[in-house]
Amino acid sequence: MAKYPQIKIINNEKYFFRFDMDLRIQHIILAATVVILVLSGMPLKFSDAFWSPYLYALFGGITMAPTVHKVTGAIMLLLFAYHIFWIFKVIYLDHYLPMKREGTYTIGRFAMRVLKLPMVPNLKDLKDIIDLMKYLFYYTNVRPDGDEYTWKEKFDYWAPFWGMFIIGASGLIIWNKELFTQIIPGEFINFCLIAHSDEALLAGLFLFIWHWYNVHFSTSVFPMGTVFLTGYLSEELMCEEHYEHYVKVMREEGYEKEILPPHGGGHAPSCSDHAPKSSQRQSSPENVSGTESSEQSVKEGGAAV
Amino acid sequence: MLSNFLRGPHWSFRALLVAFCLMPGWVLAADMGNCLLCHKYPGLSRIDEGGNMKLMFVNEDIFNTSVHSKVKCEGCHADITKIPHEPAKPVDCLAVCHIIEPTSEQKFSHKSVKTFMDESVHSKVDKEGNLKKFNEDMPTCKDCHDNPLFRPLAFVKKVRPGIADDAMGRCRVCHEKEDFIFRFYNHITTRLHKSRSPLNVAQACGKCHDDKELVKRHGLTVMAGSSYQETFHGKAANLLDEAIPDCLDCHVVKGKSVHQMYGNDDPRSSTHPDNRGAICNSIDCHPGASVQFANYQVHPMFDMDKSPVVYWFTTFFYVLTGGTLLPLMFILFFDLLRRLFPNASFTRRR
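Protein chains in written order, with our numbering: chain A, 313 to 617; chain B, 10 to 359.
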């Protein structure tokens with residue numbers, strides 16, 4: 313914990329801890345391998361497209377690009393294996409051992425703790441999605457109060473997870489088809505090809521449209537979110553996407569008085585048309601109107617409504 | 010003096026004249042009958058009885074790098090004996106031509122091709138010698154062959170295709186005539202690899218085998234060309250891989266000619282279920298592959314009746330892709346809208 317303080321203050325701006333070095337390196341390797349794999353694989357999937365020979369030539373054409381693709385794929389699979397190891401390490405060191413030490417270990421309690429790991433979807437995510445819909449359709453001006461990891465991030469985690477498993481497994485089989493067909497029938501190679509290329513197209517579109525929109529092109533992060541490099545997220549973005557966690561961390565770290573109002577000022581009394589809703593949601597940030605500065609921004613937020 | 014000649018009015022015409030005089034002699038070698046007198050003009054054409062435009066232009070440069078460059082025009086167009094001539098009859102590729110085949114020292118002919126073809130799946134007649142149904146669909150020479158150009162390989166420390174001067178130098182030790190050396194070098198190197206790239210072969214076969222009507226009328230199970238393009242082989246062929254297997258690598262029995270292809274139900278056929286394993290695990294392709302490796306569908310069809318499992322498997326991924334991306338695109342679009350027009354509202358009025 314000491315290594316990564318929850319809040320770093322640089323030039324009077326607060327930055328909130330998100331990802332440690334280990335995860336950031338994992339992400340960079342994943343990002344690099346995905347880009348190379350997509351660029352060296354798509355010309356083959358769309359081999360009759362006008363652009364494919366040019367893009368393929370960039371990776372050495374038909375004689376070299378398959379090797380580039382396989383080597384990069386192998387690196388990604390090693391990363392996948394490491395990530396699995398990393399999950400077990402986290403579960404063992406941060407959950408299993410402490411429970412054993414405290415003597416609170418039972419299978420049931422342990423399972424509950426594992427189910428509360430940050431990447432596991434929960435009911436709060438479903439509620440956030442519904443709240444987001446209300447927000448997007450101008451039904452309310454309150455953005456959902458995301459927890460430490462929002463449903464978008466969990467989606468962005470599990471989609472590549474499933475993708476790497478499907479694409480990696482099918483890729484390994486296609487790569488070593490002579491070996492695998494000693495056991496499995498040859499028709500299976502057909503399915504592997506379909507799964508490999510169709511799932512890759514899905515993954516590529518998902519990452520380069522959805523994920524890049526959220527971390528690059530969206531107006532709040534454009535031209536690029538920096539959390540994947542620094543591991544720390546700015547206070548503004550923290551309020552926008554992870555308000556519930558933001559309030560929790562601010563309290564834990566003793567900045568209770570400096571908590572900013574949520575995005576859109578939705579919790580402020582001035583937003584009267586959703587009064588019952590906001591009063592119901594008062595539970596966490598009742599201190600919002602406590603400080604002068606936040607009152608100011610509440611007014612601004614309210615005026616915008 | 011030459012430069013003076015090239016100046017002044019009509020210089021381009023004079024330049025052409027000079028170029029014509031300087032042309033190497035072998036270029037005109039095949040044109041003993043002086044056919045190029047007319048056929049050298051690019052616009053030479055006519056509308057035939059069927060209303061089709063026929064281009065009669067012969068590009069000498071291209072013709073002279075083709076495998077038939079030593080054959081005189083009259084060698085194939087035997088019906089033409091005088092100039093000007095009547096509309097030429099279609100060429101009979103089985104005609105005995107004037108060229109002497111050097112190993113047998115007999116006049117050369119493609120006649121043996123016909124014996125092979127009559128035995129093969131592409132023959133117009135069945136085993137009893139009766140004409141097959143729809144025999145007019147069966148390929149004749151010119152459905153697959155044009156006048157192939159030389160595709161010279163390069164030898165002697167070179168990787169680019171084309172004439173290797175070092176290799177030509179070796180020829181010159183014994184052989185004298187430049188024309189002969191040029192032609193034999195090209196002839197031999199062309200024959201050492203396929204005269205068409207895998208993509209060309211697939212396209213040639215696809216002319217008929219991707220024709221929906223034709224495939225249906227002959228009761229064929231797959232659209233061979235388009236389904237080939239769904240596999241790695243076909244995709245690599247699209248990207249101009251020369252070493253990737255094309256139609257002929259699997260469908261022609263090893264050591265035989267392309268004219269001796271048989272149907273899948275013929276035990277002589279390389280693609281007969283009993284023989285398939287041996288194609289895939291040949292030493293050049295997938296050595297060590299098991300026999301069941303050959304169960305791989307090299308012609309996968311996205312067709313509910315023909316390959317239901319492939320159909321539903323592919324459909325699953327279509328649905329998965331649409332089901333994942335469409336809702337996300339929907340959210341993305343409205344998120345962008347919400348950011349661009351933060352104050353718009355349906356419910357609240359100001």
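Where is the CB? At the ideal position from N, CA and C, for every residue including glycine.
Predicted, not measured: the structure shown is a model, and the values here were computed from it.
Only residues of its own chain outside the window of five on either side were considered, and among them S236, E239, T240, S316, V319 have a CB closer than 8 Å to the CB of P309(B), listed in chain order. DSSP places M62(B) in the uninterrupted beta strand (DSSP E) bounded by 62 to 64. Within the stretch 269 to 292 of chain B, C289, N290 place their CB atoms closer than 9 Å to a CB of chain A, listed in sequence order. Interface residue (Cβ-Cβ distance to chain A less than 7 Å): Q115(B) is not classified as such. As computed with DSSP, E325(A) is found in a beta bridge with I322(A). At least one beta carbon of chain A lies nearer than 7 Å to the beta carbon of S299(B). At least one CB atom of chain B sits nearer than 7 Å to the CB of T531(A).
Near chain B, meaning a CB-to-CB distance below 9 Å, the residues of the stretch 423 to 448 of chain A are I441, L444, M445, Y447, L448. Among the residues of chain A, those whose CB is under 9 Å from the CB of L329(B) are D510, E511, L514, following chain order. Rounded to the nearest whole angstrom, the CA to CA distance from D468(A) to M333(A) is 19 Å.
By the criterion of a C-beta distance shorter than 8 Å, F422(A) is surrounded in its chain by H407, Y408, M411, once the five residues flanking it on both sides are discounted. Counted as a single uninterrupted DSSP element, the beta strand (DSSP E) harbouring L545(A) occupies residues 544 to 546. In the three-state reduction of the DSSP assignment, K116(B) falls in the strand class, which pools E and B.
For the stretch 363 to 381 of chain A, the beta-carbon criterion of a distance under 8 Å to any beta-carbon of chain B is satisfied by S364, P365, Y368, G373, I374, T375. Think of a sphere of 9 Å around the beta carbon of Y417(A): no beta carbon from chain B falls inside it, the nearest being about 38 Å out. By alpha-carbon distance to K244(B), the top candidate from R336(A), I337(A), A361(A) is A361(A). In chain order, G498, E499, I501, N502 make up the part of chain A whose C-beta sits under 9 Å from the C-beta of Q306(B). The C-alpha of R330(A) lies about 36 Å from the C-alpha of C504(A). Rounded to whole angstroms, S266(B) and F529(A) show a C-alpha spacing of 59 Å. At the C-beta level, T199(B) and R226(B) stay beyond 7 Å of one another. Residues of the same chain with a CB within less than 7 Å of the CB of D88(B), apart from the 5 flanking positions on each side, are A97, K98 in chain order.
Not a single CB atom of chain B sits nearer than 7 Å to the CB of W524(A). Contact holds between the stretch 475 to 492 of chain A and the stretch 294 to 301 of chain B, because three or more Cβ pairs, one in each stretch, are under 8 Å apart. Between F311(B) and chain A, the shortest Cβ-Cβ separation is not below 7 Å. Think of a sphere of 8 Å around the beta carbon of L356(A): the chain B residues whose beta carbon falls inside it are F241, K244, A245, L248, in chain order. Considering only beta carbons, no part of the stretch 475 to 488 of chain A lies closer than 7 Å to chain B. When the five nearest sequence neighbours on each side are left out, the beta carbons in the same chain lying within less than 6 Å of the beta carbon of P355(A) are those of S364, L367, Y368, in order along the chain. The beta-carbon of A211(B) is placed no less than 7 Å from the nearest beta-carbon of chain A. Setting aside the 5 residues that flank it on each side, I340(B) has no residue in the same chain whose C-beta is closer than 8 Å to its C-beta. According to the DSSP assignment, S54(B) belongs to no alpha helix (DSSP H) but to the beta strand (DSSP E) extending over 54 to 56.
The CB of V319(B) comes closer than 8 Å to the CB of N502, F503, I506 in chain A, given here in chain order.
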